[in-house]
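Q:
Numbering (my numbering), first residue to last: -17 to 387.
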């Protein structure tokens, strides 16, 4: 009996909806309109509103059809408006509930981690770690060491639960204490796209494979941080401290590193295509096999930097300091080297096809052995040409107007 009544109930509900009623009334209106029009056309009485159709005047027919149609459409629009308002109210309530949940999660985490940090076991665990007496196996960990494991696990859980804004608050809180940050922050693989970490202190953090796409890290302290294979595309690291940082294999495309300190940093096989490193400090940095295509190194400090096998095609090195830098087998095709300091640099086997060498500073210690493409390089200083010819890397017949464009 129940099963038999369900189709009837569903049909009743369907016809009771404003939309269905609107469709039915419009259908009836259309039918009557067509019938009246046919009768009207047949009598050729285009302007005679007093003639009757089935005993009812045309004016009465209009009143009969228009009123239900208007009410049906108005009811439909009101229903749609009410449903939209209800949906917006529901979404707002869900957002508020989500905000409350995340707020409570951050508060609970800060309370818990503070209790752990102030406990006696925490101090003893840190002492054991510093003395390298910790047990590597979880089953044999002391109560002191378990405090650190619990703290790191809670930090990871909180980071996964919080939104980006509160993740930043959590990181800023941890970074206030070097000890707390070092032993609780599980940075590996963390996702912090678009995060605002302006001036954050993350020195020594393990951010291997972290996603920091479009993150703001201006003036941040990233000394000795591990960012190997991390994604820093479109990030802003202007004036950031990346001294001794590991960025091997990292993606730094379109990244802003203006004035950043990358001294002794490792950028082996990193991708810095279209990055901006104007005035950056890269002394003693390692950029072997790195992709530096169209990168801006204007006035950058690249003293004693390792750039062997790197791709610098189309890069801007105007006024850069490359003293003592290894450019062995480096691709410098189309590179702007105007006013660059190449004293003591090694350009052996480098490709200088189309490079601009206007007013470069070089000395007898600069190595040009087997350098390629110098015949098509432009603006080679006149004082340097005899030496390049003697080394056999520049043809005498090519020291012409093409060289001095």
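Even for Gly, the Cβ is constructed at its ideal location relative to N, Cα and C. In this text the structure is predicted, and so the values were computed from the model without any measurement.
Determine the closest residue to residue 217 out of 279, 374, 131 and 256, with distance taken between C-alpha atoms.
A: If you number the chain shown from 1, residue 217 lands on position 235. Nearest option by C-alpha distance: 256.
Q: Please state the DSSP three-state secondary structure of residue 134.
A: Here residue 134 is taken as the residue at index 152 of the chain shown, counted from 1. Correct three-state label for residue 134: helix.
Q: Using the three-state DSSP reduction, which class does residue 72 fall into: helix, strand or coil?
A: Residue mapping note: residue 72 aligns to position 90 of the chain shown, counting from 1. Helix at residue 72.
Q: Quick check on residue 89: does DSSP put it in helix, strand or coil?
A: Mapped onto the chain shown, residue 89 falls at position 107. Of the three classes helix, strand and coil, the one that applies to residue 89 here is helix, per DSSP.
Q: Look up residue 361 in the DSSP assignment and say whether it is helix, strand or coil.
A: Numbered from its first residue, the chain shown carries residue 361 at position 379. Coil at residue 361, not helix or strand.
Q: Any idea if residue 96 is buried or exposed, counting beta-carbon neighbours within 10 angstroms, 16 or more meaning buried?
A: Counted from its first residue, the chain shown places residue 96 at position 114. That one is exposed.
Q: Measuring straight from C-alpha to C-alpha, what distance separates residue 202 and residue 364?
A: Your numbering for residue 202 matches position 220 in the chain shown. Your numbering for residue 364 matches position 382 in the chain shown. About 45 Å.
Q: Quick check for students: name the residue ranges of the beta strand (DSSP E) that lie wholly in the region 259 to 313, counting only runs of 3 or more.
A: Counting whole runs of 3 or more residues, the region 259 to 313 contains no beta strand (DSSP E) stretch at all.
Q: Just curious, the alpha helix (DSSP H) that residue 325 is in, first and last residue?
A: Your numbering for residue 325 matches position 343 in the chain shown. That residue, residue 325, is in no alpha helix (DSSP H); it is neither H nor E in DSSP.
Q: Can you tell me which residues form a DSSP beta bridge with residue 191?
A: Counted from its first residue, the chain shown places residue 191 at position 209. The partner list for residue 191 (beta bridge, DSSP) is empty, contrary to what the question assumes.
Q: Which value, in whole angstroms, describes the spacing of the CA atoms of residue 248 and residue 71?
A: In the chain shown, residue 248 corresponds to position 266, counting from 1. In the chain shown, residue 71 corresponds to position 89, counting from 1. The straight-line gap from Cα to Cα measures roughly 52 Å.
Q: Starting from residue 371 and walking both ways along the alpha helix (DSSP H), at which residues does that stretch end?
A: By one-based count along the chain shown, residue 371 stands at place 389. Where residue 371 is concerned, the enclosing alpha helix (DSSP H) stretches over 367 to 372.
Q: In whole angstroms, what is the alpha-carbon distance linking residue 234 and residue 84?
A: On the chain shown, residue 234 is found 252 positions in, with the first residue counted as 1. On the chain shown, residue 84 is found 102 positions in, with the first residue counted as 1. Those two C-alpha atoms are separated by around 31 Å.
Q: Using the Cα positions of residue 148 and residue 134, report the straight-line distance between them to the nearest angstrom.
A: As a working mapping, residue 148 is identified with position 166 in the chain shown. As a working mapping, residue 134 is identified with position 152 in the chain shown. So the two alpha carbons sit approximately 17 Å from each other.
Q: Label residue 265 either buried or exposed according to how many other C-beta atoms from any shown protein chain fall within 10 Å of its C-beta, with 16 as the threshold for buried.
A: For the purposes of this step, residue 265 is taken as residue 283 along the chain shown, with counting starting at 1. Buried is the call here.
Q: Starting from residue 315, follow its DSSP beta bridges and name the residues at the other end.
A: The residue you call residue 315 lines up with position 333 of the chain shown. Residue 315 pairs with nothing; no bridge assigned.
Q: From residue 195 to residue 232, what distance separates their C-alpha atoms?
A: Locating residue 195 in the chain shown gives position 213, counting from the first residue. Locating residue 232 in the chain shown gives position 250, counting from the first residue. Each residue's Cα considered, the two are about 11 Å apart.
Q: In chain order, what residues of the same chain lie with their CB nearer than 7 Å to the CB of residue 338, ignoring the 5 residues before and after it?
A: Against the chain shown, residue 338 aligns to sequence position 356. 318, 319, 320, 360 and 361.
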